[in-house]
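Chains as they are written, first to last, in the numbering used here: chain A, 1 to 115; chain B, 1001 to 1115.
Even for Gly, the Cβ is constructed at its ideal location relative to N, Cα and C.
Just so we're clear, the structure is a prediction, and the values are computed from it rather than from any experiment.
Working notes, structure below.
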Amino acid sequence: AQSVAQPEDQVNVAEGNPLTVKCTYSVSGNPYLFWYVQYPNRGLQFLLKYITGDNLVKGSYGFEAEFNKSQTSFHLKKPSALVSDSALYFCAVRDGNSGYSTLTFGKGTMLLVSP
Amino acid sequence: EPEVTQTPSHQVTQMGQEVILRCVPISNHLYFYWYRQILGQKVEFLVSFYNNEISEKSEIFDDQFSVERPDGSNFTLKIRSTKLEDSAMYFCASSGSSGATGELFFGEGSRLTVL
C-alpha cells in the first residue's frame, strides 16, 4: 500500500523568509509525487510534480520541491514566502509501476506566513 | 483555462435521503475521480472511473455509493441513503491521457451536510 506522511500540522514563517513543507512517502514501485495547494473553501490546485529526471522540480508561484530517493522525501520549498502563500498544502503519491493507481494524499500542512 | 465544474456547491439533506452530486470534467480528459474531505482534513479517495467503468474504489465506496457518466459529459456521484458521517466536501477531479503521470484537476467541491 502507498502512503504519504506530512509530519507538521502547521508551519509558520515570516514573509520574505524561506519556507519548507515536509513530505515523506512510501510506495512499492517508482514514486510519482505531487504537491497541491488548497485555499479556504476552494478546490485543490496543482503546484508541481516529480515523475522522473532532475530531482529538483519547479512549479507554480515560485514553489519548488526536491525529490530524495534515499530519504523517501519530497519537501516543498520556496526561497521567499509571501503572505498570499498562506494555505493548506497537500503532498500526494502514486505508484508508477502499477500501471495505473490511485493518487494518495497526505493529511495536509497549514502554512501561515506572517507579514 | 478549462476547469472542472461541480454542482451543487452546497446541499443539505436529511439522513436516509438520496443525493446526487454532479460534475463536468475537462472535456478531453479520460480519467475521472471522486474524493472527499471532512472538515478541511485529509483528502480521501473514493473512486476512479475510466472507459465507462470503475477502475478502482476505496473501502469508503460501499454499496450506498455509485457513479455514472450518463451522457458523455457529466460524471455523477450518487449516495443512495445518506448517513450523518457522509457530511463532507466532495471533490470531483479529472486527468488527461497521460495516465499515471498526469496531475488531477479538481473542481471547487460540493459541500454535503446530512442532518
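Query	Result
Below-8 Å beta-carbon distance, A1100 of chain B vs any chain A residue	yes
N- and C-terminal bounds of the beta strand (DSSP E) containing L48 of chain A	44-50
Whole-number beta carbon distance between V1019 of chain B and T1082 of chain B, since they are thought to touch under 8 Å	6 Å
Contact under 8 Å by Cβ, L103 of chain A with S86 of chain A	no
Buried versus exposed call for I1079 of chain B [16 or more other C-beta atoms within 10 Å across all chains shown]	buried
3-residue-minimum beta strand (DSSP E) runs that sit fully inside the segment 29-86 of chain A, ordered along the chain	31-38, 44-50, 56-58, 64-68, 73-78
Coarse secondary structure for D1086 of chain B, derived from DSSP in three states	helix
Where the beta strand (DSSP E) through L1077 of chain B begins and ends	1075-1079
N- and C-terminal bounds of the beta strand (DSSP E) containing R1022 of chain B	1019-1024
Straight-line Cα distance separating E1085 of chain B from Q71 of chain A	37 Å
Cβ of Q1011 of chain B within 8 Å of any chain A Cβ	no
Any chain A beta carbon closer than 8 Å to K1083 of chain B	no
Secondary structure of A5 of chain A, DSSP reduced to three states	strand
Coil, strand or helix - T102 of chain A by DSSP	coil
CA-to-CA distance, L88 of chain A to P7 of chain A, given in whole angstroms	14 Å
C-alpha distance - F74 of chain A paired with G43 of chain A, whole-angstrom precision	22 Å
Chain-ordered neighbours of G16 of chain A on chain B, where CB pairs are closer than 7 Å	By Cβ distance, chain B contributes nothing, its closest Cβ being about 27 Å from G16 of chain A, past 7 Å.
Environment of D1063 of chain B [buried if 16+ CB atoms lie within 10 Å]	exposed
Interface partners of S1048 of chain B on chain A, CB under 7 Å	T102
Residues of the segment 53-66 of chain A whose Cβ lies closer than 8 Å to any Cβ of chain B, in chain order	none
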